Structure formats: structure tokens, C-alpha cells
Amino acid sequence: MASTEPSDSIEKGKVVSIHYTLRNDAGEVLDSSGGREPLDYLHGSGNIVPGLEQSLLGRRVGAKFTVDVSPSLGFGERDPRGVQRVPRSSFPKDADVKAGERFTASGPDGEEMALWITEVEGDEVTVDFNHPLAGETLHFEVHVTGVRAASKDEIAHGHPHGPHGHHHHHEH
Ligand code: ZN
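Numbered per this note's numbering, the sequence shown spans residues 1286 to 1457.
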């Protein structure tokens, strides 16, 4: 281990566990870790929305706080050009093509881009490259339940590997 004094506050290279509740402007709960394991993320790697990540910097285990995140620091502003109509045949034959399903497509530079199906009408599929929460101000209630140093593998991969150190490959 490094000989430098270990810090227990949240900074780049720490795996952080949080319980959270996410509400919209109307106060409706959109997502919550309640009843589940806390969410683990690697700080400084963009695993969570920027506004939430920034609000966690320097916090310690036990911290409880609320933060309001603007769309630009959340899931982005809505871009009307993100809504497109494509034929059913542009999806793999065995794909589950229905409203609400998330897919990835290759962007112009070969990068992965997420898209969500919003409507299916016969052979015509309406997709939206905007995140379903784009344009929303996000209201988070957060409880920090764990902070630890990330392993080398976790830093290299840019995400945490779970409490038992197993490496699970999953879509991010
Ligand atoms: Zn990994």
C-alpha cells in the first residue's frame, strides 16, 4: 500500500457507495436505490451525471445532503434533432423493438451512442437519442454509505468491480 496518509474523503480514484432518491420538479420519484444495494461508482470517471459527481467531491461516509442538478450537468438539454424515424429493418432481427427499450448505435466517429425507442408503428420506429431525463432538473437526496480506494483494475476499466472483486462484464 502507499505510504501516504489515506484519505477517507471522496476524490478521484475512490469507489463510492451511495443511497439516493431522484425526484423531478413535481416531486415525483424517478429512481431510488431504496430497497436495493447502494449504487457504487468510481469518482472522476463519469459513471454518474456530472452535477451529482461534483456535489460528492470532498464528502465522507455518513454524509447526507440534497442537490439540484440542472439539465446541462444532468442528462443534457433536449435536442429536437435527436428524434428520428428509422425502419424496423435497421434493428437486428431478434431485437426487442418496442417503446422504452434502449439500444446503442455507432456514431459518425464510431463511438457508441445510446438511443431509446419512443414509438413503434408498423415498420416505422421512432427513436430518441436524448436521454429520457434530458431537459429535466434533477433533485437528488444522497446518503454516502462507503468510500474506499479503487483497485488498479477498477481505475483501468473506469468503473467499480463490486464488493467481492469479481469482474463482471456488463453494458455501461
Ligand atoms: Zn471492468
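Built from N, CA and C at the ideal position, the CB exists for glycine as well. Small disclaimer: the values here were computed from a predicted structure and weren't measured.
Alpha-carbon to alpha-carbon, residue j and residue i
{"i": "H1457", "j": "G1407", "result": "For H1457, the predicted model reports a pLDDT of 44, less than 50, meaning its position is unreliable and no value from the coordinates is stated."}
{"i": "K1378", "j": "G1385", "result": "18 Å"}
{"i": "S1288", "j": "A1435", "result": "Low local confidence applies: a pLDDT of 46 at S1288 is under 50, so the model's placement there is unreliable, with the coordinate-based value given in what follows. Their backbone Cα atoms lie some 16 Å apart in a straight line."}
{"i": "R1373", "j": "R1433", "result": "46 Å"}
{"i": "T1389", "j": "S1330", "result": "20 Å"}
{"i": "V1412", "j": "H1442", "result": "30 Å"}
{"i": "R1363", "j": "G1420", "result": "5 Å"}
{"i": "G1447", "j": "V1405", "result": "37 Å"}
{"i": "P1445", "j": "A1311", "result": "33 Å"}
{"i": "L1418", "j": "W1401", "result": "11 Å"}
{"i": "R1344", "j": "R1366", "result": "38 Å"}
{"i": "S1340", "j": "S1357", "result": "15 Å"}
Closest residue to residue i among the options (Cα-Cα distance)
{"i": "G1431", "options": "V1410, A1380, Y1326", "result": "Y1326"}
{"i": "I1333", "options": "G1420, T1351, G1359", "result": "G1359"}
{"i": "L1342", "options": "D1293, G1361, S1375, E1313", "result": "D1293"}
{"i": "L1423", "options": "K1349, K1299, S1355, G1319", "result": "S1355"}
{"i": "E1426", "options": "R1308, G1298, V1412", "result": "R1308"}
{"i": "T1403", "options": "K1437, E1338, G1395, V1371", "result": "V1371"}
Beta-carbon proximity of residue i to residue j, cut-off 8 Å
{"i": "V1429", "j": "V1346", "result": "yes"}
{"i": "I1303", "j": "L1324", "result": "yes"}
{"i": "V1410", "j": "V1368", "result": "no"}
{"i": "V1300", "j": "E1439", "result": "yes"}
{"i": "G1336", "j": "H1416", "result": "no"}
{"i": "H1328", "j": "K1297", "result": "yes"}
Whole-number beta carbon distance between residue j and residue i, since they are thought to touch under 8 Å
{"i": "M1398", "j": "F1414", "result": "6 Å"}
{"i": "T1306", "j": "G1320", "result": "Not confirmed; about 11 Å, so no contact."}
Threshold first: 4 residues or longer. Then list the alpha helix (DSSP H) segments lying entirely within the segment 1418-1449, N to C.
Entirely contained in the segment 1418-1449, the alpha helix (DSSP H) runs reaching 4 residues are, in chain order, 1437-1442.
Which runs of the beta strand (DSSP E) at least 3 residues long sit entirely within the segment 1308-1340? Give them in chain order.
Scanning the segment 1308-1340 from its first residue to its last, the whole beta strand (DSSP E) runs of 3-plus residues come out as 1314-1317, 1324-1327.
Would you mind listing the beta strand (DSSP E) stretches within the segment 1368-1403 that are 3+ residues and don't spill past its ends, in chain order?
With a minimum length of 3 residues, the continuous beta strand (DSSP E) runs that stay inside the segment 1368-1403 are 1368-1372, 1387-1391.
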